[in-house]
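Protein chains in written order, with this note's numbering: chain A, 3 to 249; chain B, 52 to 166.
Ideal placement from N, C-alpha and C gives every residue a C-beta, glycine not left out.
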């Protein structure tokens, strides 16, 4: 009798071509285990410096960098921010942030459609975190891939601009489900885009995540920026409380 | 194409495991993928075929079990399968739910020919 499976094919029959003895080896390991471990390491690094890390995700051209520029202008004195920019190519976005005197590191991913925890970790070596309250990680413009890769952030923000159409939350549900805050951007263009209904966009997002907070804003006119800043400051202080409790 | 990054992770695990178990060839790999991970099984298989070449997993079959999204309502504790990402409890209509399945992305086992 065969010692592996107890079948009766032995001796000369051993080489019957269809008879394969398969052995199954159990593994149970997450496929993104290495990324997730690095992400936890990044988060520990942020926590050690009292930094709130926010991952900003959206389609290309939704106004992520413009939002960050408006944020720089509106943040009260004493709250300091830094930015990690992710793009396939160019230093353009980091340059836009640096013009305001805010530290920024550009990651160019080449062909990668998302930032991962290792890329962010490398960028951290060029970014002194001392004295920084909020680190924004502007992910590669893409509504699918970035949602899968933890980079060590505490919070996820998704942008939806009125020019993209109000059905985008339903089309990209995974990212909406992952978000802690949704921003409807470019509200100054709403009068020209009659197809876009903010209530429809809100309803679609709500079907995916009932308690997802939504702010409508325009980085250009400044409308709604105050609500965004309040949300940020609330999270900065609650992160500090968590920090103090665990210290 | 985040599937390539995921496949690279998978190949890394297989190479480590194969070395550990002194396995020279893998014939089948079993993975589980939740629908909330935005991973397309067909793309994962296509990427796997390319990345497995020249490794211990060359020619291996990648068997993917796609897991539907399931949630549990926090209000009435009803467990349900989430249709098309609409997280609404069929019992009480509430939307405050815990996802209990759909976030998976792991290798369960691999198979080798032996004996």
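- Note: residue 83(B) is bridge-paired with 116(B), 157(B) in the DSSP secondary-structure output.
- Annotated three-state conformation of residue 147(A) is helix, per DSSP.
- Taking 8 Å as the threshold, the shortest C-beta distance from residue 165(B) to chain A falls below it.
- Judged by beta-carbon spacing, residue 78(B) lies beyond the 8 Å limit of residue 130(B), meaning their Cβ atoms are not closer than that value.
- Short of 6 Å from the beta carbon of residue 121(B), and not among the five residues preceding or following it, lie these beta carbons of its own chain, in chain order: 132, 151, 152.
- Taking the Cα positions, residue 55(A) is about 24 Å away from residue 112(A).
- Straight-line spacing of the CA atoms in residue 119(B) and residue 192(A) works out to 37 Å.
- In terms of beta-carbon proximity, residue 123(B) stays away from the interface with chain A, with every pair separated by 8 Å or more.
- Going by C-alpha positions, residue 138(B) is about 32 Å away from residue 122(A).
- As computed with DSSP, residue 59(A) is found in a beta bridge with 160(A).
- Membership of residue 38(A) in the alpha helix (DSSP H) is indicated by the continuous run 35 to 50.
- For a Cβ distance threshold of 7 Å, residue set 176, 179 of chain A lies close to residue 87(B), ordered along the chain.
- Using a Cβ-Cβ cut-off of 9 Å, residue 150(A) is close to 53, 56, 57, 88, 89, 90, 156 of chain B, given in chain order.
- By the rule that beta-carbons nearer than 8 Å mark a contact, residue 61(B) touches chain A.
- Scanning the segment 95 to 134 of chain A for uninterrupted beta strand (DSSP E) segments of 3 residues or longer gives 106 to 110, listed from N- to C-terminal end.
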